[in-house]
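Asker: If you scroll down you'll find the structure; I have some questions about it.
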Amino acid sequence: MAKVVAVDQDCCIGCEVCAQLCPQVFRMSGDEEGHDHNHDHSDNKSTVHNPHGASEAQIETAMDACPAACIYWQS
Ligand code: SF4
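Quick look at the structure:
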């Protein structure tokens, strides 16, 4: 069965490395919100918007590059 990637948002520090390495899979949540309600960027977190947007090898590259090690396989 194909593995599904996930991000632990509690430990994501919003560095954007994963979004740069695998933009098909990871997206920064701050990017999509046109209106920034609280006017700070502390909630800029990575989210998985397409778990199958890249090969497992590509996703593992992002996993290894994540400085907070918060990208993991869900199953
Ligand atoms: S690489 Fe890790 S810490 Fe950086 S934005 Fe992605 S999930 Fe968050």
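Going by the numbering used here, the sequence shown wraps up at 1447, each residue one higher than the last. Ideal Cβ placement from N, Cα and C applies to all residues, glycine included. It should be emphasised that the depicted structure is a prediction, and the values quoted were computed from it without experimental measurement.
Could you check the C-alpha separation between I1385 and L1393 for me, to the nearest Å?
Answerer: Going by the C-alpha atoms only, they are around 16 Å apart.
Asker: CA-CA distance, A1429 and V1377?
Answerer: Cα to Cα, A1429 sits roughly 12 Å from V1377.
Asker: What are the start and end residues of the alpha helix (DSSP H) that includes V1389?
Answerer: Its alpha helix (DSSP H) spans residues V1389 to L1393.
Asker: Just to confirm, is the Cβ distance from V1379 to S1427 under 7 Å?
Answerer: The answer is no: Cβ separation not under 7 Å.
Asker: Does the beta-carbon of E1388, which I'm using as the reference point, lie nearer than 6 Å to any heavy atom of the ligand SF4?
Answerer: Yes, the ligand SF4 has a heavy atom inside 6 Å of this Cβ.
Asker: May I ask you to check if the CB of I1431 is nearer than 6 Å to at least one heavy atom of the ligand SF4?
Answerer: Not so, every heavy atom of the ligand SF4 lies at least 6 Å from the Cβ.
Asker: Under 7 Å Cβ to Cβ from A1391, same chain only, skipping five residues before and after it: list those, please.
Answerer: Excluding residues within five positions, the ones whose Cβ falls inside 7 Å are F1398, R1399, M1400 and S1418.
Asker: Does DSSP put S1427 in a helix, in a strand, or in coil?
Answerer: Coil.
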